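K.L.:
Take any residue in the sequence shown, note its place counting from 1, add 953, and you have its number in this note's numbering.
No residue lacks a Cβ here, since even glycine has one placed at the ideal position from N, Cα and C.
All values derive from a computational prediction rather than experimental measurement.
This structure is in structure tokens; I'll ask about it shortly.
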Amino acid sequence: MSVIPRGWRRRTGRAACVLALALAAGPVVAGPLSTNRRASAAADGPEIPARLTVGPDGRDLRLAGDLTEGVAARVAEILAAHPQIARLHLTSDGGLVEEGAAIGALVAARGLATYVPDACASACTLIFVRGRARSLAVGGRLGFHAPYEIGAHGRMHPVDSAPERAAYRAAGLPRAFVARALAVPPAGIWMPAAAELRAAGVVTEVVGPDRFPDSTLDADPSEAGARAAILRALPILRQAGAAGLDPIARWYRDSYAAGRPEAEARAGLSRLAGAYLRRRFRAADDGVVRALGRRVLAMMRITGTRGAATCTALLAGDLVTLDARLRAEGPSGFGLAPLLARTQGSVPGQGALPGQGAAPGQGVVPATIPAVTSPGVTVPSVARSQDCEARIADATRALALPPPESAARLRSLFLAEPQQALANAAGP
């Protein structure tokens, strides 16, 4: 049962990292394990039986949820039916020790690699450490504590940790690390930093979001799950309504199902969201556009690298990054949401979404989302060399014009599609 605060369980966001050493898995752990022993991190909520999904290329098995009774048998069946599986993705708060140890034995016997894109705690770590290569995403966490049994009235009772100690030692973990991990009381959790995990050999590589297929929707790959993930990552889209959000959610779900790396999926989301916001603001009345221009101008006047980066983002028409920076910088923290609400949903037809159906690497450009802090498009060097002061002067002059001309000029400056924005910046 869990001792990790529910908020520690993902996604969001989720994470980014680098590459690989290999460790041979130790022998299968011997010795009996009590049928009700637990090393779980989910006492603050109901158990969610693990969802098991084979990736689109058949090389990845994704496990997301709690290690309830029978999960190991299901993993064994899938591995038998898909001999090409080479890597197991793990997102789990833990569960039954017996299930974790049994899946760990399967991992070792098959020589599988293991990967944690977000969080793997308690009994889940008994699986992770048996991987031939053990990858952790930047921002991903491993959580350790001592096992326990559930007694009367749901109380946790510590038990002898010898089987867990043997499992960790069989995987080659240092004695001191194992001792510290199992000294944590059942009601606590130890989450070592990535550097400490690397130093102890628990993790053999730290990987970036461009390395493996996206695992963000492992627990819920439905369109509703995609919508929820997008809204956690891009709160500005809470103003979108179904007509604006649903096509983006379908693209994201299809991207996940196709096995695109997380970085490509995030970049596509950023691009689609930016295109939606530009359409929405272009269709707004002149007063809203002028109010947006004043927000943009105030943000561009921020000195230093943040201001320069904002100018670059605006040259690309990247309102997603602008919203994130406004939320981070502004005293209210509402970003563009109040202004977007004033557009009253008067958005032109959606049409074909940018990037729809594109092959990996096409139609999307590197960006980051969960905490969107990077532009959603790549701006050529000619745009990067633009003088921010000149852009501030352009916006200042535009705002001084009579309202209709002012709004028209601001639409040209900040709401054109990226290619047109670059042409405007380059001049005649």
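What residue from Pro-1138, Ala-1115, Arg-1128 has the CA that sits closest to Met-1109's CA?
P.N.:
Measuring from the Cα of Met-1109, the nearest candidate turns out to be Pro-1138.
K.L.:
Please determine, among Trp-1143, Thr-1078, Ser-1088, the residue with the shortest C-alpha to C-alpha distance to Phe-1165.
P.N.:
Measuring from the Cα of Phe-1165, the nearest candidate turns out to be Ser-1088.
K.L.:
Take every Cβ of the segment 1025–1039, pair it with every Cβ of the segment 1060–1070, and state whether three or more of those distances are shorter than 8 Å.
P.N.:
In short, these stretches touch, since the Cβ pair count reaches three.
K.L.:
With Gly-1125 and Cys-1077 assumed to form a contact (beta carbons below 8 Å), what rounded beta-carbon distance in angstroms separates them?
P.N.:
Incorrect: roughly 18 Å between the Cβ atoms, too far for contact.
K.L.:
What's the gap between the Cα of Glu-1176 and the Cα of Ala-1115?
P.N.:
When rounded, the distance between both Cα atoms is 44 Å.
K.L.:
Enumerate in chain order the residues of its own chain whose CB-to-CB distance from Arg-1191 is below 8 Å, with the five nearest sequence positions on each side excluded.
P.N.:
For Arg-1191, where only same-chain residues beyond five positions count, the Cβ hits under 8 Å are Leu-1184, Ala-1290.
K.L.:
Can you give the Cα-Cα distance for Glu-1282 and Asp-1276, rounded to whole angstroms?
P.N.:
Each residue's Cα considered, the two are about 10 Å apart.
K.L.:
For the segment 1127–1209, which segments carrying the alpha helix (DSSP H) assignment without a break, of at least 4 residues, lie completely within its bounds, in sequence order?
P.N.:
Runs of the alpha helix (DSSP H) inside the segment 1127–1209: 1128–1135, 1147–1152, 1176–1186.
K.L.:
Would you check if the distance between the CB atom of Glu-1051 and the CB atom of Thr-1021 is smaller than 8 Å?
P.N.:
Contact: no.
K.L.:
Can you round the beta-carbon distance between Leu-1198 and Gly-1227 to whole angstroms, since I take them to be within the 8 Å contact cut?
P.N.:
Not really, about 14 Å apart at Cβ, beyond 8 Å.
K.L.:
Sort Ala-1072, Asp-1167, Leu-1049 by Cα distance to Val-1010 and report the nearest one.
P.N.:
In the sequence under discussion, the amino acid at residue 1010 is Asp, which differs from the Val named in the question. Of the candidates Ala-1072, Asp-1167, Leu-1049, the one whose C-alpha sits nearest the C-alpha of Asp-1010 is Asp-1167.
K.L.:
Could you give the first and the last residue of the continuous beta strand (DSSP E) run that contains Gly-1064?
P.N.:
Per DSSP, Gly-1064 belongs to no beta strand (DSSP E) and is neither H nor E.
K.L.:
Mark Ala-1140 as exposed unless 16 or more other C-beta atoms lie within 10 angstroms of its C-beta, in which case mark it buried.
P.N.:
That one is exposed.
K.L.:
Is DSSP giving Leu-1016 helix, strand or coil here?
P.N.:
Reduced to three states, the DSSP call for Leu-1016 is strand.
K.L.:
Beta-carbon within less than 7 Å of Leu-1384's beta-carbon, same chain only, minus the 5 sequence neighbours each way: which residues are those?
P.N.:
The structure shown has nothing for residue 1384, since the chain only spans 954 to 1381.
K.L.:
Taking its Cβ as the centre, do 16 or more other Cβ atoms sit within 10 Å of Ala-1294, making it buried, or is it exposed?
P.N.:
Result: exposed.
K.L.:
How would you call Pro-1357, buried or exposed, if buried means at least 16 neighbouring beta carbons within 10 angstroms?
P.N.:
Answer is exposed; the Cβ neighbour count stays below 16.
K.L.:
Report back the beta-carbon spacing between Ala-1072 and Thr-1044 to the nearest angstrom; my notes put them in contact at under 8 Å.
P.N.:
Right, the Cβ-Cβ distance comes to about 6 Å (below 8 Å), so this counts as a contact.
K.L.:
For Ala-1266 and Cys-1341, what's the separation of their Cα atoms in angstroms?
P.N.:
Taking the straight line from one Cα to the other gives about 11 Å.
K.L.:
Could you check whether Gly-1154 and Val-1091 sit closer than 8 Å to each other, using their CB atoms as the reference points?
P.N.:
Contact: no.
K.L.:
Measure the C-alpha to C-alpha separation of Ile-1345 and Met-1253 and round it to an integer number of angstroms.
P.N.:
Those two C-alpha atoms are separated by around 7 Å.
K.L.:
Return helix, strand or coil for Glu-1358, following the three-state DSSP convention.
P.N.:
Reduced to three states, the DSSP call for Glu-1358 is helix.
K.L.:
What did DSSP end up calling Glu-1217 once you bin it into helix, strand or coil?
P.N.:
Helix.
K.L.:
How is the beta strand (DSSP E) around Thr-1044 delimited, first residue to last?
P.N.:
1040–1044 is the span of the beta strand (DSSP E), which, as asked, contains Thr-1044.
K.L.:
Classify Ile-1080 as helix, strand or coil using the three-state DSSP reduction.
P.N.:
If DSSP states are grouped into helix, strand and coil, Ile-1080 belongs with the helices.
K.L.:
Could you spell out where the beta strand (DSSP E) holding Gly-1048 opens and where it closes?
P.N.:
From DSSP, the beta strand (DSSP E) with Gly-1048 extends over 1047–1049.
K.L.:
Using the rule of at least 16 other Cβ atoms within 10 Å of the residue's Cβ for burial, across every protein chain shown, is Gly-1194 buried or exposed?
P.N.:
Answer is exposed; the Cβ neighbour count stays below 16.
K.L.:
Just tell me which of Val-1249, Ala-1179, Thr-1349, Tyr-1209 has its CA closest to the CA of Val-1007.
P.N.:
Closest option to Val-1007, Cα to Cα, is Tyr-1209.
K.L.:
Under 8 Å, do Leu-1187 and Leu-1222 count as touching if we go by C-beta distance?
P.N.:
A contact, by the Cβ cut-off of 8 Å.
K.L.:
Give the secondary structure of Pro-1291 by DSSP, where H, G and I count as helix, E and B as strand, and everything else as coil.
P.N.:
Here Pro-1291 sits in helix by DSSP.
K.L.:
Quick one: Cα of Arg-1213 to Cα of Arg-1015, how far?
P.N.:
Straight-line Cα distance between these residues: approximately 14 Å.
K.L.:
With C-beta atoms as the reference, is Ala-1147 less than 8 Å away from Val-1156?
P.N.:
Closer than 8 Å, so yes.
K.L.:
Near Ala-1237, what residues of its chain come up, given a Cβ to Cβ distance below 6 Å and the 5 sequence neighbours on each side ignored?
P.N.:
Excluding residues within five positions, the ones whose Cβ falls inside 6 Å are Thr-1296.
K.L.:
In this structure, how does DSSP classify Glu-1000 when only helix, strand and coil are distinguished?
P.N.:
Correct three-state label for Glu-1000: coil.
K.L.:
Could you check the C-alpha separation between Ala-1244 and Arg-1364 for me, to the nearest Å?
P.N.:
Near 12 Å, if we compare the C-alpha coordinates of Arg-1364 and Ala-1244.
K.L.:
Quick one: what's got a C-beta closer than 7 Å to Arg-1012's C-beta in the same chain, skipping five residues either side?
P.N.:
The answer, listed in chain order, is Gln-1037, Ile-1038, Ala-1039, Arg-1040.
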